[in-house]
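Peer 1: Residue numbers (my numbering), protein chains in the order written: chain Z, 1 to 462; chain X, 463 to 919.
No residue lacks a Cβ here, since even glycine has one placed at the ideal position from N, Cα and C.
Remember, it's a predicted structure, so these values are computed and weren't measured experimentally.
Take this structure, written in structure tokens, and hold onto it; I'll ask about it next.
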Amino acid sequence: MTTHKRSMNTILRVLAGLAILLAGGMALCGQESGAQAPSVPVVVTPEAAAAPAAPKIDTGDTAWVLTSTALVMAMTVPGLALFYAGMVRSKNTLGTIMQSFIILCLISLQWVLWGYSLAFGPDKGHLIGGLEWLGLNGVGLDPNADYAATIPHQAFMVFQMMFAVITPALITGAFAERMKFSGFLIFTLLWATFIYDPLAHWVWAVGGWVRNLGALDFAGGTVVHISSGASALACAIVLRKRLGYGKEHMVPHNLPMTILGASLLWFGWFGFNAGSAVASGALATSAFVVTNTAAAAAALAWLVVEWMYRGKPTVLGAASGAVAGLVAITPASGFVGPLSSIVIGLGAGVLCYLAVLWKAKLGYDDALDVVGIHGVGGVWGALATGLFASKAINAAGADGLFYGNPGQFGIQAVAVVISVGFAFVGTFVILKLIDGFTGLAVSEEEERMGLDLSQHDERAYS
Amino acid sequence: MTDLKREDKQASRCRRMLEIACAVLLATMVGVPVLFPGSVAMAQSAATPVLKIDTGDTAWVLTSSALVLAMTMPGLALFYGGLVRSKNILGTVMQSLIILCLVSLIWILFGYSLAFGPDKGGVIGGLEWIGLAGVGSEPHPAYGPTIPHQVFMVFQLMFAAITPALITGAFAERMRFSAILLFAALWSVAIYTPVAHWIWGGGWLGKMGALDFAGGAVVHISSGTAALVCAVVIGQRKGYGAEYMAPHNLPFTLLGTGLLWFGWFGFNAGSALGANGIAGGAFLGTHAAAATAALAWMWLEWIHRGKPTVLGVASGAVAGLATVTPGAGYVGPVSAIIIGAFAGVLCYFAVVWKGRLGYDDSLDVVGIHGVGGVLGVLATGLFASKAINSGGADGLFFGNAGQLGTQAIMVVAVALFSLVGTWLILKVVDRLVGLRVSSEDETTGLDLSQHDERAYS
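Structure follows, in structure tokens:
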């Protein structure tokens with residue numbers, strides 16, 4: 001009886017909520033339709049032809065950016081979700097998948113409602129975007145020449161959305177197997193709003209101060225990888241270690257799942273890097289080639305170092321190496337040639353391997369090596385961009401140290417320090433705040449039971 | 463003696479129902495265009511578009527075709543495969559795989575002609591395009607003026623393939639393999655092709671102005687209704703309600719969900735048949751609705767049952783995707799968010815209430831695709847806006863109440879047609895090969911009994 005009453009109450013509450021939503025939506029809908037300028041037939045006259053060409057949608061560019069958007073979406077779910085889920089113990093599989101999945105949902109809404117406006121909206125003091133584009137107000141189907149002159153503005157927005165989604169999802173590897181679901185939700189929302197959005201504005205938006213310095217970040221070495229890597233470090237330090245860390249043997253429960261995830265990451269990374277040309281042409285092709293090359297070189301480098309150091313080349317090692325190479329090439333992908341990408345990849349394989357190895361000596365429990373791969377790989381990639389960038393590859397970029405412009409290396413170093421510092425301190429503060437409200441880690445009993453049962457009341461395998 | 467009499471009575475009742483069903487079927491196919499003559503009389507738009515292949519549009523529709531393929535195989539196959547017990551996973555994966563193969567051939571040989579061939583009385587396409595005769599690399603004015611006709615055809619093929627594959631969730635773990643082959647072939651020809659023709663191929667619903675951007679009625683209502691009939695006619699699984707039938711591998715299901723979501727970008731944004739603003743808008747609407755529906759489902763489940771489940775958010779995302787499908791190219795992002803919220807809530811209750819109705823729709827095809835499809839088609843009648851897509855129409859909230867009525871007619875026509883038609887097909891298949899596996903085979907599992915293989919060794 002009481003359960004029946006409760007469920008009736010629930011239904012009533014939900015229906016009331018929906019009615020409010022509907023009413024609010026109706027109001028917004030009117031605004032939405034108003035935002036669309038009625039199409040005016042254009043009469044082509046010689047004078048009109050002489051004027052600066054109005055942005056015009058190119059179907060090839062649009063096709064490629066939409067495809068890339070789908071590819072980057074597949075990096076988070078199912079790619080990253082399975083990559084991480086295979087590495088945890090079987091009692092935490094669903095909890096781990098859930099984190100990537102719910103970030104995809106949550107940040108997609110956050111980005112539509114206010115995230116995109118904060119990150120890419122009209123610049124305010126070089127620090128943050130304005131609120132003019134809240135709820136995608138004014139972000140329509142006509143191109144925005146500041147960001148991508150040949151595709152609908154919404155296509156650029158949704159492509160950027162997938163980047164905003166994957167970045168907090170990367171961090172989840174640091175607090176795997178022990179984070180409370182409610183605390184995790186709040187963390188994600190706060191982190192996206194107060195760390196990702198400003199950082200994306202600084203580096204990529206017109207008027208952002210790091211962009212104005214001349215720092216190069218083609219597809220998110222600083223915005224995505226350094227920021228998530230530095231935040232992962234903060235998470236691993238603030239959250240307690242997993243129970244039995246260092247004593248119990250915590251082996252990945254399903255490595256084929258991890259390999260499937262790593263492959264989907266590699267597959268999706270073509271959209272991530274080559275899509276960041278926001279056009280289909282020479283630059284996208286060049287980025288595509290160096291992305292693949294660096295991933296291959298890094299996987300091989302990791303393999304060789306591991307073989308020499310530990311006696312056997314592991315499959316997890318090859319997968320981690322490939323991801324490290326993909327991370328490192330990300331900021332450089334639109335600025336360097338194929339031979340440079342081999343060097344970047346080899347460097348990533350070796351450096352990230354050593355970083356993961358040394359983690360144990362430092363004592364923090366970065367469960368799935370976010371710091372070692374995304375943090376270290378991201379820093380290496382951002383600095384390597386300052387070494388290997390060449391105007392011969394991308395005239396809109398800059399020359400690096402090896403092409404006679406040592407100043408670029410300095411600028412890249414400044415961008416690295418800023419991103420690491422901002423992300424680390426900001427994440428630390430957010431975590432401390434949440435710890436005061438809902439708490440961060442699950443109870444010890446819940447942790448022993450596993451996240452699947454304790455947080456979601458389900459089992460992955462029956 | 464009395465037994466014989468009862469059997470006799472049953473047989474005659476069966477026959478009478480068959481007759482009634484036939485009559486209703488005929489009435490919907492022939493009667494509706496007669497009842498709504500104005501709709502059929504409405505001519506196509508006067509302006510003939512310029513037929514010229516655009517490389518960007520072609521690249522996008524080809525990519526979208528591959529994306530929609532990935533929805534059926536491996537997407538749906540693994541989504542369903544993870545939800546069944548481990549003894550049935552191969553049988554379940556096999557259903558999606560073999561339907562993909564079977565319907566692909568049917569579509570090329572005559573399905574496409576029936577669905578999209580030259581219109582015959584608003585009811586069905588002609589046989590002029592059998593074996594793709596005349597369907598070449600030149601664009602067709604109505605079916606994507608900037609892409610080769612065959613590209614449109616293959617894109618549509620993927621829709622024809624996934625629709626019967628969706629139904630398989632209703633009779634999971636208990637249907638005979640030979641019966642599935644026969645059912646899928648008959649259903650595809652007798653139900654899918656006419657419905658696709660009515661709405662997209664120049665048939666009576668399309669002429670009436672019914673809006674279905676990417677298949678809310680053609681794909682989701684038709685499969686959701688068929689699933690309901692299948693669940694009722696085929697009956698419950700052995701031990702349903704008594705035994706615990708937990709999904710054997712939820713990570714598979716999540717992988718399937720991810721691939722469905724990924725492929726749905728091709729399904730909806732590809733339905734713009736070009737890489738343009740409408741494709742961009744449909745892409746965004748699709749994503750926003752899926753994300754909202756998953757969050758709505760999670761939140762509801764959290765307050766209603768105490769814990770947010772992973773299967774719940776996966777189901778919510780699919781519900782949002784199914785629901786936004788008919789409206790994707792006609793509504794703005796805020797409308798898509800509202801549609802997604804309603805999808806998450808209504809489909810959640812549909813799935814929860816299934817238990818009270820007693821039929822065994824094993825993998826919730828009715829609750830998600832049926833309810834989501836109906837909701838989405840009606841919502842399109844509310845939220846559609848010409849400011850988003852000048853080729854569409856305004857909905858009720860944009861001052862055109864009539865659109866909602868047109869959408870409602872489409873819901874009723876498609877649901878009724880699929881309901882009756884599916885019932886007839888199941889009866890025929892039952893008579894010919896039998897629908898269900900034997901009780902013993904069901905206990906053994908489909909993998910061993912139907913395919914003589916084990917999934918895991």
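How would you call Thr285/Z, buried or exposed, if buried means at least 16 neighbouring beta carbons within 10 angstroms?
Peer 2: The residue you call residue 285/Z lines up with position 285 of the first sequence. With fewer than 16 other Cβ atoms within 10 Å, it is exposed.
Peer 1: Which residue spans inside the segment 790-822 of chain X form an unbroken alpha helix (DSSP H) run of at least 4?
Peer 2: The segment 790-822 of chain X contains these whole alpha helix (DSSP H) runs: 795-819.
Peer 1: Throw me the rounded Cβ distance for the Ala392/Z and Gln408/Z pair, which I believe falls under 8 angstroms.
Peer 2: Position 392 of the first sequence holds residue 392/Z. Position 408 of the first sequence holds residue 408/Z. Their Cβ separation, rounded to whole angstroms, is 14 angstroms, which puts Ala392/Z and Gln408/Z out of contact at 8 angstroms.
Peer 1: Which first and last residues belong to the alpha helix (DSSP H) in which Tyr574/X is found?
Peer 2: As a first step, residue 574/X must be located in the second sequence, where it is residue number 112. Residues Tyr574 to Phe578.
Peer 1: If contacts are defined as beta-carbon pairs under 8 angstroms, then Ala841/X and Ala803/X qualify, I think. What distance do you get, rounded to the angstrom?
Peer 2: In the second sequence, counting from the first residue as 1, residue 841/X sits at position 379. In the second sequence, counting from the first residue as 1, residue 803/X sits at position 341. The Cβ separation is near 11 angstroms, so there is no contact.
Peer 1: Should Lys91/Z go down as buried or exposed, given a rule of 16 or more other Cβ atoms within 10 Å for buried?
Peer 2: Along the first sequence, one-based indexing puts residue 91/Z at 91. With 16 or more other Cβ atoms within 10 Å, it is buried.
Peer 1: Residues of chain Z with CB closer than 8 angstroms to the CB of Val775/X, please, in chain order.
Peer 2: Within the second sequence, residue 775/X is the residue found at index 313, counting from 1. In chain order: Met98, Phe101, Ile102 and Cys105.
Peer 1: Tell me whether Asn394/Z is buried or exposed, calling it buried when 16 or more other Cβ atoms sit within 10 Å of its Cβ.
Peer 2: The residue you call residue 394/Z lines up with position 394 of the first sequence. The residue is buried, with at least 16 neighbouring Cβ atoms inside 10 Å.
Peer 1: Just how far apart, CA to CA, sit Lys769/X and Ala849/X?
Peer 2: Numbered from 1 along the second sequence, position 307 holds the residue referred to as residue 769/X. Numbered from 1 along the second sequence, position 387 holds the residue referred to as residue 849/X. Answer to the nearest angstrom: the Cα atoms are 41 angstroms apart.
Peer 1: Using the Cα positions of Ile128/Z and Ser919/X, report the straight-line distance between them to the nearest angstrom.
Peer 2: Taking the first residue of the first sequence as position 1, residue 128/Z is located at position 128. Taking the first residue of the second sequence as position 1, residue 919/X is located at position 457. Rounded to the nearest angstrom, the two C-alpha atoms are 56 angstroms apart.
Peer 1: For Gly743/X, which residues in chain Z fall below 8 angstroms Cβ to Cβ?
Peer 2: Translated into positions along the second sequence, residue 743/X becomes position 281. Simply Leu141, Pro152 and Gln154.
Peer 1: Look at the Cβ atom of Ile624/X, then the Cβ atom of Thr534/X, and state whether they are nearer than 8 angstroms.
Peer 2: Here residue 624/X is taken as the residue at index 162 of the second sequence, counted from 1. Here residue 534/X is taken as the residue at index 72 of the second sequence, counted from 1. Yes.
Peer 1: Compare the Cα-Cα distances from Leu131/Z to each of Asp197/Z, Gln455/Z, Ala149/Z and Asn273/Z and report the closest residue.
Peer 2: Reading the first sequence from its first residue, position 131 is the one you call residue 131/Z. With distances taken between Cα atoms, Leu131/Z lies closest to Asp197/Z.
Peer 1: So is Tyr364/Z buried or exposed if we call it buried at 16+ other beta carbons inside 10 Å?
Peer 2: Residue 364/Z sits at position 364 when you count from the first residue of the first sequence. Per the 10 Å Cβ criterion, buried.
Peer 1: Does any residue of chain Z bring its CB to less than 8 angstroms from the CB of His913/X?
Peer 2: On the second sequence, position 451 is the one that residue 913/X refers to. Chain Z contact via Cβ: absent.
Peer 1: Assuming His831/X contacts Ala784/X (C-beta within less than 8 angstroms), just tell me the rounded distance between them.
Peer 2: Against the second sequence, residue 831/X aligns to sequence position 369. Against the second sequence, residue 784/X aligns to sequence position 322. Between Ala784/X and His831/X the Cβ distance is about 5 angstroms, and since that is below 8 angstroms, they are a contact.
Peer 1: In terms of alpha-carbon separation, which member of Thr59/Z, Leu170/Z and Ile57/Z lies closest to His374/Z?
Peer 2: Numbered from its first residue, the first sequence carries residue 374/Z at position 374. Cα-wise, what sits closest to His374/Z is Leu170/Z.
Peer 1: Which residue from Val414/Z, Leu82/Z, Asp369/Z and Ile151/Z puts its Cα closest to that of Ala382/Z?
Peer 2: Position 382 of the first sequence, counted from the first residue, corresponds to residue 382/Z. Per the Cα distances, Val414/Z.
Peer 1: Output, in chain order, the set of chain Z residues within a Cβ distance shorter than 9 angstroms of Thr517/X.
Peer 2: Here residue 517/X is taken as the residue at index 55 of the second sequence, counted from 1. Near Thr517/X (Cβ distances below 9 angstroms), the residues of chain Z are Thr59, Gly60 and Ala63.
Peer 1: Which ranges does the alpha helix (DSSP H) cover as unbroken runs of at least 4 residues, wholly within the segment 369-438 of chain Z, from first to last along the chain?
Peer 2: Counting whole runs of 4 or more residues, the segment 369-438 of chain Z contains the alpha helix (DSSP H) stretches 376-388 and 406-437.
Peer 1: At 9 angstroms on the CB atoms, spell out the chain Z contacts of His710/X, in chain order.
Peer 2: Locating residue 710/X in the second sequence gives position 248, counting from the first residue. Within 9 angstroms Cβ-Cβ: Tyr461 and Ser462.
Peer 1: In chain Z, which residues lie with their C-beta within 7 angstroms of the C-beta of Trp660/X?
Peer 2: Walking along the second sequence from the start, residue 660/X turns up at place 198. The contacting residues do not exist; Trp660/X stays about 29 angstroms from chain Z at best.
Peer 1: Quick one, which of Leu594/X, Ile515/X and Gly743/X has its alpha-carbon nearest Gly606/X's?
Peer 2: Numbered from 1 along the second sequence, position 144 holds the residue referred to as residue 606/X. The option with the nearest alpha carbon to Gly606/X is Ile515/X.
Peer 1: In the DSSP output, what is Lys361/Z paired with across the bridge?
Peer 2: Here residue 361/Z refers to the residue found at position 361 when the first sequence is read from its first residue. Bridge partners of Lys361/Z: none, in fact.
Peer 1: For Val420/Z, which of Met250/Z, Ala230/Z and Leu243/Z has the nearest alpha-carbon?
Peer 2: The residue given as residue 420/Z occupies position 420 in the first sequence. The shortest Cα separation from Val420/Z among Met250/Z, Ala230/Z and Leu243/Z belongs to Ala230/Z.
Peer 1: Bridge partners for Gly587/X per DSSP, in chain order?
Peer 2: As a working mapping, residue 587/X is identified with position 125 in the second sequence. For Gly587/X, which the question treats as bridged, DSSP gives the partners Asp581/X.
Peer 1: For Arg89/Z, does the three-state DSSP call read helix, strand or coil?
Peer 2: On the first sequence, residue 89/Z is found 89 positions in, with the first residue counted as 1. In the structure shown, Arg89/Z sits in coil (DSSP, three-state: anything other than H, G, I, E or B).
Peer 1: Name the chain Z residues that come within less than 8 angstroms of Val512/X, Cβ to Cβ?
Peer 2: Translated into positions along the second sequence, residue 512/X becomes position 50. Simply none; closest approach about 14 angstroms.
Peer 1: Could you tell me whether any Cβ in chain Z is nearer than 8 angstroms to the Cβ of His611/X?
Peer 2: By one-based count along the second sequence, residue 611/X stands at place 149. By this cut-off, His611/X is not an interface position.
Peer 1: First and last residue of the alpha helix (DSSP H) that includes Arg893/X?
Peer 2: Taking the first residue of the second sequence as position 1, residue 893/X is located at position 431. Segment Gly864 to Leu894, the alpha helix (DSSP H) holding Arg893/X.
Peer 1: Answer with yes or no whether the minimum CB distance from Ala784/X to chain Z is below 8 angstroms.
Peer 2: Counting from one through the second sequence, the residue named residue 784/X turns up at place 322. Not one chain Z Cβ lies under 8 angstroms of Ala784/X.
Peer 1: Is the beta carbon of Gly439/Z sitting closer than 8 angstroms to the one on Pro331/Z?
Peer 2: Along the first sequence, read from residue 1 onward, the residue named residue 439/Z stands at position 439. Along the first sequence, read from residue 1 onward, the residue named residue 331/Z stands at position 331. Their beta carbons are not under 8 angstroms apart, which means Gly439/Z does not touch Pro331/Z by this criterion.
Peer 1: Using C-beta distances below 7 angstroms, list every residue in its chain close to Ala322/Z, excluding the 5 sequence neighbours before and after it, in chain order.
Peer 2: Along the first sequence, read from residue 1 onward, the residue named residue 322/Z stands at position 322. Correct list, in chain order: Ala262, Trp266, Ala295, Ala298 and Ala299.
Peer 1: For Asn212/Z, does the three-state DSSP call read helix, strand or coil?
Peer 2: On the first sequence, position 212 is the one that residue 212/Z refers to. Asn212/Z: helix per DSSP, three-state reduction.
Peer 1: With DSSP as the reference, identify every bridge partner of Lys124/Z, one or two as the case may be.
Peer 2: Taking the first sequence and counting its residues from 1, one reaches residue 124/Z at position 124. DSSP output for Lys124/Z lists Ile128/Z as bridge partner(s).
Peer 1: Thinking Val613/X and Val523/X are a contact (beta carbons under 8 angstroms), I'd like their distance in whole angstroms, please.
Peer 2: Here residue 613/X corresponds to residue number 151 of the second sequence, with the count starting at 1. Here residue 523/X corresponds to residue number 61 of the second sequence, with the count starting at 1. That pair is a contact at about 5 angstroms.
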